[in-house]
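Engineer:
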Amino acid sequence: MNMMRKTLVFFIITMTCTLLPTSPVSGVTFETSPALYISAPYPFLPWSQSGYSKAGVATLSATSKSPRLSAGTNWLQRFNQQLEQLEYRVSKDAVGQLQAPNRAHDVRTYFDGKGIRVHRRMAADNYSPLLALSLSGFGRGNDLVPVQQGKVKASADVVEIVRPGLLEWYKNSAQGLEQGFVVQQRSPGMGPLVLELKVDFARARLVGQVIELTTRQGQLLQYDKLNVVDASGRVLASRFALPSPQRLQLVVDDHDGQYPLVIDPLLTNVADKILESNIEDPSVGFSTNAFGSSVSTAGDVNGDGFADILVGAPLWDGGEAGEGAVFVFLGGASGIVGSNPVDAHVRIESNQIAAGLGTLPCSVTGDVNNDGFDDIIVGAPTYQDVLPGTALQVDGAAFMFYGSAAGITGTGPADADVFIRSIELRSALGVYVSGAGDINNDGYADVLVGVPGYGLPFPAIIPANQRSGNFGAALVFHGGPAGVTGTGFSDADRVILSFDDTGQLNPTIFGQIGNVCGAGDVNNDGFDDIFLGGTEATLFIGSTTGIVGTDLTQAHSRVFATPALPIVDSIAGPGVGYVVARAGDVNADGFTDLLASIPFRDAVPASTTLSEGSAYVHLGSAMGLVVTPEVTYLGVQGAEVLGNTLSGIGDFDNDGFDDIAIGARVFPGSLNDEGIAYILRGGAAGPAASLADAYTRLTSGQSGATALGSRFGMAVSGVGDINADGFDDVLFGLGYFDAGEVDEGVVFVFHGATAPAVLNQPPVPDAGSNQTFIDVANNNMASITADGRASFDPDGSLVSYEWRLGETVLGTSPVLTTTLPATGDYGLALNVTDDQGLVRGDLVTIRVEPAPSSTAANDNFSSGGLDGGFGWPGSWQTTGSVTLSSVDSFPGAPQALLAAGSTSLTRTVTLPAGTTGLGVQFWAKLDLFASTDQVDVQISQDGGPFTTVRTFTIAESGTGYHFYGGSVSGGPITLSWYPATATTADIRFQLSSASGVFYVDDISVKAIRVPAGTPVPPSGQRPVSAAGSDVSIDDADGDGFEVVALDGSSSQDPDGSIVSYEWYETAALLGTGPNLSAAFDVGAHTVQLLVTDNDGGTSSDTVTVTVVEVPVVGPPPVIDSFTATPVTTTVGSSVTLDWVTTHATDVSINGVASGLPLDGSTVVTPVVTTIYQLTATGSGGLNTANVTVTVTPVGIAGDINGDSTVDAADVLLATRAVLGLYILTPDQMQRADVAPLVAGVPSPDGLFNVSDLLLIQLKALGIA
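Quick note: to get this note's numbering, add 1325 to the position in the sequence shown (first position is 1).
1) In the DSSP assignment, find the unbroken alpha helix (DSSP H) run with residue 2537 in it and report its ends.
2) Taking all protein chains shown into account, decide if residue 2316 is buried (16 or more other Cβ within 10 angstroms of its Cβ) or exposed.
3) Pick from 1743, 2019, 2279: whose alpha carbon is nearest that of residue 1728?
4) Excluding sequence positions up to five away, which residues of its chain have a Cβ less than 8 Å from the Cβ of residue 2384?
5) In angstroms, rounded to a whole number, what distance separates the CA positions of residue 1466 and residue 1540?
6) Applying the 10 Å Cβ sphere with the 16-neighbour rule, what's the burial state of residue 1306?
7) Which residue from 1801, 1820, 2181, 1836 puts its Cα closest to that of residue 2310?
8) Answer yes if the region 1808–1818 comes into contact with the region 1909–1923, meaning at least three C-beta pairs across the two stretches below 8 Å, and no otherwise.
9) Grab me the residues of residue 2328's own chain with a C-beta within less than 6 Å of its C-beta, minus the 5 sequence neighbours each way, in chain order.
10) If you follow the alpha helix (DSSP H) that residue 2580 is in, where does it begin and where does it stop?
11) Suppose you measure from the CA of residue 1349 to the CA of residue 2025; what does that come to, to the nearest Å?
12) Shortest alpha-carbon distance to residue 1854 belongs to which of 1761, 1777, 1803?
13) Apart from the five residues on each side of it in sequence, which residues of its chain come closer than 7 Å, Cβ to Cβ, to residue 2239?
14) Rounded to the nearest angstrom, what separates residue 2099 and residue 2299 at their Cα positions?
15) So, with DSSP's three-state summary, where would you put residue 2597?
16) Using the three-state DSSP reduction, which class does residue 1530 fall into: helix, strand or coil?
17) Let me know the alpha helix (DSSP H) ranges lying completely inside the region 2218–2281, each 4 residues or longer, listed in chain order.
18) Quick one: Cα of residue 1477 to Cα of residue 2485, how far?
19) Nearest CA to the CA of residue 1835: which residue from 1801, 1891, 2021?
20) Considering residue 2558, what are the terminal residues of the alpha helix (DSSP H) in which it resides?
21) Is it right to say residue 2442 is buried, meaning 16 or more other beta carbons lie within 10 angstroms of its own, or is it exposed?
22) Looking at the unbroken beta strand (DSSP E) that takes in residue 2109, where does it start and where does it end?
23) Residues bridged to residue 2062 by DSSP?
24) Give a yes or no on whether the C-beta atoms belonging to residue 1872 and residue 1902 are separated by under 8 Å.
25) For residue 1470, count neighbouring Cβ atoms within 10 angstroms of its own Cβ and tell me buried if that reaches 16, exposed if not.
26) Checking the sheet assignment: what are the DSSP bridge partners for residue 2359?
27) Does the Cβ of residue 2006 have 16 or more other Cβ atoms within 10 Å, making it buried, or fewer, making it exposed?
28) Pull up the DSSP beta-bridge partners for residue 1426, would you.
29) At what residue ranges does the region 1683–1724 contain a whole run of the beta strand (DSSP E), taking only runs of 3 or more?
30) Indicate whether at least one CB of chain C lies closer than 8 Å to the CB of residue 2231.
31) Can you give me the C-alpha to C-alpha distance between residue 2015 and residue 2118, rounded to a whole angstrom?
32) Closest to residue 1546 by CA distance: which of 1529, 1679, 1562, 1561 is it?
33) Rounded to whole angstroms, what is the Cα-Cα separation between residue 1705 and residue 1674?
34) Quick check: the region 1746–1760 against the region 1773–1783, are there 3 or more CB pairs under 8 Å?
35) So, do the region 2382–2401 and the region 2448–2465 have three or more beta carbon pairs nearer to each other than 8 Å?
36) Quick one: Cα of residue 2405 to Cα of residue 2141, how far?
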């Protein structure tokens, strides 16, 4: 690996920052957050000769020394790209501080000899950092050596802090701020290797093996993913330690590690707040709390002006297994108060085994009693109760709790303000609950309860709690001065059914009712409406008397799927039909809009397993709901389940248009059950037209975050304005996320913010068309090629490619060449990353089919020797010494033995008509090979020249027999060749050796018939790419760029010719042809040469180009003036120091820079006579100037209290000051500082200690 070239220890951290929190790898990814995001480049880190990487740095064109630009951009775009690339360079600000802005991630980093301070890029107060990190100790065990300040050097986008024996470096680019440490030698001593970092402006805590850093602004960062690899590629044991909240350590067990080591921690941003259950799955796979599986706003339950939230944990065990719980967390000026169930405002439990409280969204109801406090409703769909007046069991309940100045005070069914009961078994009442708004416009909020398991009535002889089927119902309850007074079906203000309730035994069934939601005022008539999901999405409108209509046929608007969703005998809702939600007013036209989805809908109607899902936006209007979707979003891969959670999220960016969130379990390029929520902005024309246009994406970055076995838990919800900053906020719940405990579940809270004026357009991945490849050898190992070179970035450039099969990374080049292990369909994902950190994925299906083939000939030398064979006319032709050998039984005696020298074994095989390829399988051994010995396996078509399809060398030979084809247990070799058409073929084994011998046996030839147009692997050997030697060149003219010529003409193809050359830096194509001339800026660049031969084979090689900055030596700095005003003062008085310099690049006073300008002033307050030295530093050296400020005494030395005499009162004050019981004022300090005595005269040393106390005691006694 290139990273192992230098005998140094590298410690790598890569910092980046985006505009909203992302996900981190172990935390949620939010692509456009103003929070800090830091990611590691390993394993794609290209190493330079100077020890730091060149990942994502702006590159240059091949024809001029100017920043390299994307093809197809106009001059203004090119100009802006140049400006943006120059922005990443390190420079000094107006007051001389060394800094580096990062446009891509909205941060600005300041550097000094201690380390870094990270700020928001456009923060008005640069003295309020998010975080400061500095290396404070290095060594072994507890024996750490303090690390002193270093000398800072900067060039282009690289900053180095140089200390004796230790180089710390930072590199700024669109990929972020990358940090590394270069250690020259192994640290002496006993114990593990330790690096200690000092943390400022944030507090750290260790959660499992994750360090969480909370900034003073309340932002949360994570420091995790510690990975250590030694020079042999072996991973070494490592861990985090946290001696205190302000000190974190990287601890490495390197006792048997081979240096250099790569120590790679990862610092990432996470959400603005993380709520964790902190309870590990007790059975690791069978039961968990599912904390965060449902989330919702709670409104403002305590009337303090901050929105509050609800978090459901349907499998919570608070004394009864699986009883479920809902937690209320209050909002506040800093966001959500509390971080786990222990410090929630209140915990509501069902107090019944397996009741499932909080299974699906709990909800704010609004203010049902109009007392000024919002109220909440929660459901427990499997809560067991009895039918009133009977002993018959019924299932399902909903509970309401009223808000108050004290918030929510109830904690369970016993003290709920309202208890809504079911009337039948398995009704699932309460699985869906929702506020309904004010449907009758009486000033009181109303409530909606879904009963998706409600069935048809049985004859009277059947028990009253039994019903037939699961067709669903919705219950509406009106608010009033006493709140909600209804308790079930019998006293609900409206019951909406899915069938014709005429008392018949077999009524007409119209459909099914699943989930329910308050719709807002869709037609803007002053009455709020409701929206029901199921086999259709139906809108019922409000009126002075409440909801209009009692069954699906009486709905105001009905939305049907195409083809129609079937009525099935199961609970309607997710898995059966529509999921519905309120979208808000996405186009600001005054009408509320709605969301609907069919998450388990198959894109292929005949399929029963794909479940790609679909989601729709329907606009409101004066006529009601527009049934034709304004926007349709379609899932594209199996088990995506797009639309499994939906929500309007209010006005997240405060632009006047409401925004929406749409969830899915997976997405192109995701991990298994990773989970995603697309955030789509509203606008005058409605929301974004496609998922590719999402404003940002929330992802967990963790496999299995949304699922455990057959259980699924994921939710996204708008929650109002938690911190009252004018921006609405978002919750993202993941029921099985690991945040320190296994499957504990979390909720991520994201605060809204202003969207950037110009949004980075995401990259466009293109994995190519679906392809079919043939397993030509019928050995379940098919070679395939996928081409992603059509991918592009509309407003920048691509910096990386990643091909994945599930969670396995197959390759990181634009063109993927690999083998797939069996026949069947493979869904490959191509993830591409642009120069501002956005990642997008595309899918391609690769089908591997067995090739139609037949055995043309076979010979194991057991019948007829070299003249035998089965179905193989003719004989083996030989040159040199070829005999039969029975010294071994592999795979059965005898074998053909080719003796040392120039020896060959050749035979012709007749191929049947239609043959397009040839498969050859054989067993072989090599023995006693010298370094120059080799065996070539060659094939000739119709008597033409031989083509070498494989060469064996000493690498396949041992001191004894080496069984080629795998392990020492033996194995056959399978080779393929594709002549397009042939009638005969000659198979030849050619040995050229000084000492080695070659054994071969059981040779089988198959005729392959590949269908026309099917891609096939290369016919012969792959080419050999040679990018040339590494290049290091000085930037002689000091302009930051140099043109470098690279030569790939030494590349070759052993059995053909090279037809194309492509030069890449990361993902950017630099040029084509065997030679490249390109401009590179200062730093190190890893360039890849990809060559393709005449039969489709590819190969790549890399070369490192390093452009070395040459320091420019200018004239020596001049201090034109350095003065103090006044030059004489008293204790506590201010003095102004003024200076003017020429040719200086840095200024410090008494060794302290503190961001001083090159020409300027500063105010000091000396307490003793002080000499101030100004040091001006420039490329031509340094210069100094001094000024003395005299501080005159105030009063009598030793007279602390200023009463003109030194007495016992002064001794008492001095004693208390020494003991820390009294703090001296500046005037008192000057009179008290009498030690030491010089020739009998007090000589202040600026300190007050026991020596001063002793002299004051002597003066009080009249002795001194």
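Even for Gly, the Cβ is constructed at its ideal location relative to N, Cα and C.
Structural biologist: A quick look at the data gives this:
1) Note, residue 2537: alpha helix (DSSP H), 2533–2543.
2) Around the beta carbon of residue 2316, 16 or more other beta carbons sit within 10 angstroms, so the residue counts as buried.
3) The shortest CA-to-CA distance from residue 1728 to any of 1743, 2019, 2279 is the one to 1743.
4) Only 2417, 2418, 2419 meet the Cβ criterion.
5) Each residue's Cα considered, the two are about 29 Å apart.
6) The requested residue 1306 is not part of the displayed model; the chain covers only 1326 to 2589.
7) Taking residue 2310 as reference, the option from 1801, 1820, 2181, 1836 with the minimal CA-CA separation is 2181.
8) Taking a cut-off of 8 Å on C-beta distances, the region 1909–1923 does not touch the region 1808–1818, as fewer than three cross pairs fall below it.
9) Counting only residues of its own chain and dropping the five nearest sequence neighbours on each side, residue 2328 has a CB closer than 6 Å to the CB of 2184, 2247.
10) Note, residue 2580: alpha helix (DSSP H), 2575–2585.
11) In this predicted model, residue 1349 has a pLDDT of only 29, less than 50, meaning its place in the structure is not dependable; the value taken from the coordinates is given anyway. Rounded to whole angstroms, residue 1349 to residue 2025 spans 7 Å at the Cα level.
12) The shortest C-alpha separation from residue 1854 is found at 1761.
13) Within the same chain, residue 2239 has close Cβ partners 2334.
14) Taking the straight line joining both Cα atoms gives about 15 Å.
15) The chain is shown from 1326 up to 2589; residue 2597 falls before or after that span and cannot be answered.
16) DSSP places residue 1530 in the strand class (E or B) of the three-state scheme.
17) Counting only runs of 4 or more, we get nothing.
18) So the alpha carbons of these two residues sit roughly 22 Å apart.
19) Between residue 1835 and the set 1801, 1891, 2021, the nearest pair of CA atoms involves 1891.
20) Counted as a single uninterrupted DSSP element, the stretch harbouring residue 2558 is not any alpha helix (DSSP H), since DSSP gives it neither H nor E.
21) Its Cβ being crowded by 16 or more others within 10 Å, residue 2442 is buried.
22) Membership of residue 2109 in the beta strand (DSSP E) is indicated by the continuous run 2107–2112.
23) Here residue 2062 is not bridged, per DSSP, to any residue.
24) Taking 8 Å as the cut-off, the Cβ atoms of residue 1872 and residue 1902 do not count as close.
25) So residue 1470 counts as exposed.
26) Bridge partners of residue 2359: 2433.
27) Label assigned to residue 2006: buried.
28) 1433, per the DSSP bridge assignment.
29) Secondary structure in the region 1683–1724: the beta strand (DSSP E) runs of 3 residues or longer, each lying completely within the stretch, are 1688–1691, 1700–1711 in chain order.
30) Any reference to chain C falls outside this structure, which holds one protein chain only.
31) One Cα belongs to residue 2015, the other to residue 2118, and the distance between them is close to 17 Å.
32) The residue among 1529, 1679, 1562, 1561 with its C-alpha nearest the C-alpha of residue 1546 is 1529.
33) Going from the Cα of residue 1705 to the Cα of residue 1674 covers about 10 Å.
34) Enough Cβ pairs lie closer than 8 Å, so yes.
35) No, the region 2382–2401 is not in contact with the region 2448–2465.
36) Roughly 27 Å between the two C-alpha positions.
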